[in-house]
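Read through the structure below, which is laid out as structure tokens, and then see the notes.
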Amino acid sequence: MYGWIPSRLSLRTRLLIAMALALAACLLVGGTVAWLGTARSVQGELRAALDVVRCSTEAAVAAAGGTHPDPGGLLEALRGNRHLRATLLGPAGTPLGAPVVPPEQPQGLPMPTAFVRLLSAGLPDAVRVPLGGADAPVLLLQPEPANEAREAWDDLVLALSTLGLFAGLMMLWVGRAVAVALRPLEALSIACGRIGEGDFAALHLPRRPGTPEVAHLCDGFNRMAERLAEAEARDRNLREQLMTLRDSERAAIARDLHDEIGPYLFAIGVDAANVRRFATRLAPTEAGAVVEAARNIAEAAAHAQRGVRSLLGRLRPAAPVELGLGAALEELLDFWRRRRPDVTWELTLEPGSEAGLGRATAEAGYRLVQEALGNAVRHGRPRHVRVIVGRRDDSLLIEVADDGGGAAEPRRGNGGFGLRGMAERVESMGGCFTWSSEPQHGVTVRANLPVNQGLAEAVP
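For the sequence shown, the numbering used here gives the first residue as 8, with consecutive numbering after it.
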């Protein structure tokens, strides 16, 4: 319906434009109809005035036997006629005295001369009425539309002004009504944006008085937000359970490797040492081969032990957030300050950001900052790196920004998981991850992590 109105305009503006154009069209049609009626009325009055004076004069001439007895009196009788201009002409066509003109009307609103010309279009310029024979004077009658045009102009301006005022008041009233009716939609738009950012639980649109359609829409949105919040809570619990089970399984595997495989590898090393010692009692020709075999066994056992220790480290990594997320991040930034003193490293830890923070969330936040700092150093060549940690409701907010060269594509560090991996880690915990980059203005990474207070143990 409004396809011809630019789509970038708001719905309220588009409705007001459509209504303004409709009212303007109504004013145009109404003005045209009023103009046609006014022109017909004015021309009818002027024609009637000409016909009345002409007919009465001709009747008087006929009653007087063919010659009007008092031309001067006839002219004076026409004085005060507001529609006609009367002049007595001699046999030669020259005026006999001053003409009788309509009385001047009080000046009202300025009237364009074109309006008078349009109203008098189609009227005769003059009507000649003989007052007798060839030597008798002639009464020259000319229509004067100025007075009627003045009245018509004042009435037309008043009517159009009234209609314009009515249209303006209607526009204001309708605009206010539309703004009130659409106000819940603005709140709904903001709420949809927050839903897109993963904020489900804090949303509830109040049921405002208004149109039933908008009220039903708000109710449906509230139900959707509640269902999403419930589903998100269930998913978060499942993810926490999976992470707990995964950590438990890893810990069990690491314990089994340490308790069962480790002693056997150690025993193999001890046996290899004993074999080398006992080989010294053998004949020299046999001792060399035995010692070499024992050395190979010892090296293989040592290699296996190193592999087991490495595997244990991956299955049961050291927790850098044991003393708190803030302390772990400060230690991480000190690590980079020692290696890159040419870069300014800044950490802002907002008050209360670590209160009730679950261990899983703290660990994920630490790994996120760790990867973001590594990517910034490897790819951005920054001069300043800023880390901000804060809280909003039940979410941990983390922002890492650098002033390096920016990133044309998602960064993937050597051995790291890059922006895509960071996003997957955050989203796996039910959080929200965003990043932005501008050439020569660096990369900004933002994450919104839910505070785990259920299955995960709180970080001190």
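Ideal Cβ placement from N, Cα and C applies to all residues, glycine included.
- Compare the beta carbon distance of Leu147 and Ala133 with 8 Å and say whether it is the shorter of the two. Residue 147 sits at position 140 when you count from the first residue of the sequence shown. Residue 133 sits at position 126 when you count from the first residue of the sequence shown. The answer is yes: Cβ separation under 8 Å.
Open item on the list: Would you say Thr287 lies against chain D (beta-carbon separation less than 8 Å)?
Closed with: Of the protein chains in this structure there is only one, and it is not chain D.
*Please state whether DSSP places Ser443 in a helix, a strand or coil.*
As a first step, residue 443 must be located in the sequence shown, where it is residue number 436. In the structure shown, Ser443 sits in a strand (DSSP, three-state: E or B).
Can you tell me whether DSSP reads Ser360 as helix, strand or coil? The residue given as residue 360 occupies position 353 in the sequence shown. If DSSP states are grouped into helix, strand and coil, Ser360 belongs with coil.
Discussion item. Please return the same chain residues whose Cβ sits closer than 7 Å to the Cβ of Arg418, not counting the five positions on each side in sequence.
Written reply: Stepping through the sequence shown from its first residue, residue 418 is reached at position 411. For Arg418, the predicted structure reports a pLDDT of 44, less than 50, and the residue's modelled location is therefore unreliable. A value from the coordinates is still provided. Closer than 7 Å at Cβ, skipping near neighbours: Asn382, His386, Gly425, Leu426.
**Message:** For Arg363 and Phe228, I'd like the C-alpha separation in whole angstroms.
**Reply:** Sequence index remark: in the sequence shown, residue 363 carries index 356 (1-based). Sequence index remark: in the sequence shown, residue 228 carries index 221 (1-based). Residue 363 is actually Gly in this sequence, not Arg. In this structure, the straight-line span from the alpha carbon of Gly363 to that of Phe228 is close to 31 Å.
For a minimum of 3 consecutive residues, which ranges assigned as the beta strand (DSSP E) are wholly contained in the stretch 46 to 97?
Runs found: 91 to 96.
Mind reading off the beta-carbon distance from Arg388 to Gly412? Whole number of angstroms is fine, and I expect it under 8 Å. Within the sequence shown, numbered from 1, the residue matching residue 388 stands at position 381. Within the sequence shown, numbered from 1, the residue matching residue 412 stands at position 405. About 6 Å; that satisfies the 8 Å criterion.
Check your understanding: Would you call the stretch 86 to 95 and the stretch 19 to 29 in contact, with 3 or more CB pairs under 8 Å?
Key -> They do not touch, by the three-pair rule.
Given this structure, state the Cα-to-Cα distance separating Gly73 from Glu155, to the nearest angstrom. Here residue 73 corresponds to residue number 66 of the sequence shown, with the count starting at 1. Here residue 155 corresponds to residue number 148 of the sequence shown, with the count starting at 1. Across the structure, Gly73 and Glu155 are spaced so that their CA atoms are roughly 34 Å apart.
Q. Got a sec, what are the start and stop residues for the alpha helix (DSSP H) Leu16 sits in?
A. As a working mapping, residue 16 is identified with position 9 in the sequence shown. Leu16 -> no alpha helix (DSSP H), and no H or E assigned at all.
I think Asp410 touches His448, with their Cβ atoms under 8 Å apart; what is that distance to the nearest whole Å? Start at 1 with the first residue of the sequence shown, and residue 410 comes out as number 403. Start at 1 with the first residue of the sequence shown, and residue 448 comes out as number 441. The beta carbons of Asp410 and His448 sit about 7 Å from each other, so the pair counts as a contact at 8 Å.
Please give me, in chain order, every unbroken run of the alpha helix (DSSP H) with length at least 4 that falls completely inside the stretch 326 to 402. As far as the stretch 326 to 402 is concerned, its whole alpha helix (DSSP H) runs of at least 4 residues are 332 to 346, 366 to 382.
Point to revise | Residue span of the beta strand (DSSP E) that contains Gly449, given as start and end | key: Taking the first residue of the sequence shown as position 1, residue 449 is located at position 442. Segment 449 to 457, the beta strand (DSSP E) holding Gly449.
- Message: Under DSSP, the beta strand (DSSP E) around Val136 begins and ends at which residues?
- Response: Taking the sequence shown and counting its residues from 1, one reaches residue 136 at position 129. Note, Val136: beta strand (DSSP E), 134 to 137.
Checklist entry - If you check the beta carbons only, do Leu91 and Val60 fall under 8 Å apart? => result Reading the sequence shown from its first residue, position 84 is the one you call residue 91. Reading the sequence shown from its first residue, position 53 is the one you call residue 60. Yes, the Cβ-Cβ distance between Leu91 and Val60 is below 8 Å.
Tell me the DSSP secondary structure of Ala194 in three-state form.
Against the sequence shown, residue 194 aligns to sequence position 187. When DSSP states are grouped into helix, strand and coil, Ala194 belongs to the helix group.
Just curious, the beta strand (DSSP E) that Pro144 is in, first and last residue?
The residue labelled residue 144 in the question sits at position 137 within the sequence shown. No beta strand (DSSP E) holds Pro144; DSSP gives it neither H nor E.
- Determine the closest residue to Glu431 out of Arg374, Trp343, Arg393, with distance taken between C-alpha atoms. As a working note, residue 431 is residue 424 in the sequence shown. Cα-wise, what sits closest to Glu431 is Arg374.
Which of the three DSSP states is assigned to Glu151 in this structure? The sequence position of residue 151 within the sequence shown is 144, counting from 1. Coil, per DSSP.
query = Short check: CB of Leu224 to CB of Leu189, under 8 Å?
reply = For the purposes of this step, residue 224 is taken as the residue at position 217 of the sequence shown. For the purposes of this step, residue 189 is taken as the residue at position 182 of the sequence shown. No, the Cβ-Cβ distance between Leu224 and Leu189 is not below 8 Å.
Cβ-based burial, Gly422 [other Cβ within 10 Å; buried from 16]:
Along the sequence shown, one-based indexing puts residue 422 at 415. Confidence in Gly422 is poor, its pLDDT being 36 and thus under 50, which makes the residue's placement too unreliable to answer from.
Would Val394 be called buried (16 or more neighbouring beta carbons within 10 Å of its own) or exposed? To locate residue 394, count along the sequence shown from 1; it is residue 387. Val394 should be labelled buried.
Self-check item: For Asp409, three-class secondary structure by DSSP
Solution: As a first step, residue 409 must be located in the sequence shown, where it is residue number 402. Asp409 falls in the strand class under three-state DSSP.
Quiz item: Counting pairs of Cβ atoms below 8 Å between the stretch 336 to 346 and the stretch 301 to 317, do you hit three or more?
Solution: Segments in contact, no.
query = Going by Cα to Cα distance, which pick from Ser435, Leu82, Cys439, Gly129 is closest to Gly51?
reply = For the purposes of this step, residue 51 is identified with residue 44 of the sequence shown, where counting begins at 1. Per the Cα distances, Gly129.
Inset, instruction - Look up Val164 in the DSSP assignment and say whether it is helix, strand or coil. - result: Numbered from its first residue, the sequence shown carries residue 164 at position 157. It is helical.
> So, helix, strand or coil for Phe424, using DSSP?
Replying inline: Here residue 424 refers to the residue found at position 417 of the sequence shown. The pLDDT assigned to Phe424 is 46, lower than 50, so where the model puts this residue is not dependable; a value taken from the coordinates is nonetheless given after this. Coil.
Rounded Cβ spacing between Leu35 and Ala174 (contact assumed at less than 8 Å):
Here residue 35 corresponds to residue number 28 of the sequence shown, with the count starting at 1. Here residue 174 corresponds to residue number 167 of the sequence shown, with the count starting at 1. So it is not a contact: roughly 12 Å between Cβ atoms.
Under the three-state reduction of DSSP, which class applies to Leu404: helix, strand or coil?
Translated into positions along the sequence shown, residue 404 becomes position 397. Looking at Leu404 - three-state DSSP - the assignment turns out to be strand.
Notebook entry, point to check: What are the partner residues of Val277, as DSSP defines its beta bridges?
Noted result: In the sequence shown, residue 277 corresponds to position 270, counting from 1. In DSSP, Val277 forms no bridge with anything.
Contact defined as beta carbons within less than 8 Å: I believe Leu339 pairs with Val396. What is the distance between those atoms, to the nearest angstrom? Along the sequence shown, one-based indexing puts residue 339 at 332. Along the sequence shown, one-based indexing puts residue 396 at 389. With 8 Å as the limit, Leu339 and Val396 do not qualify as a contact, their Cβ atoms being about 12 Å apart.
Can you tell me the Cβ-Cβ gap for Ala371 and Met436, rounded? I've got them flagged as a contact below 8 Å. Position 364 of the sequence shown, counted from the first residue, corresponds to residue 371. Position 429 of the sequence shown, counted from the first residue, corresponds to residue 436. Correct: roughly 6 Å between the Cβ atoms.
Next on the checklist: Are the CB atoms of Ala55 and Asn88 within a distance shorter than 8 Å?
Outcome noted: Sequence index remark: in the sequence shown, residue 88 carries index 81 (1-based). Sequence index remark: in the sequence shown, residue 55 carries index 48 (1-based). Not closer than 8 Å, so no.
- Task: Please list, in chain order, all residues of the same chain as Leu170 whose beta carbon is under 6 Å from its beta carbon, the five residues on each side excluded.
- Result: If you number the sequence shown from 1, residue 170 lands on position 163. Excluding sequence neighbours, Leu170 sits near Leu34.
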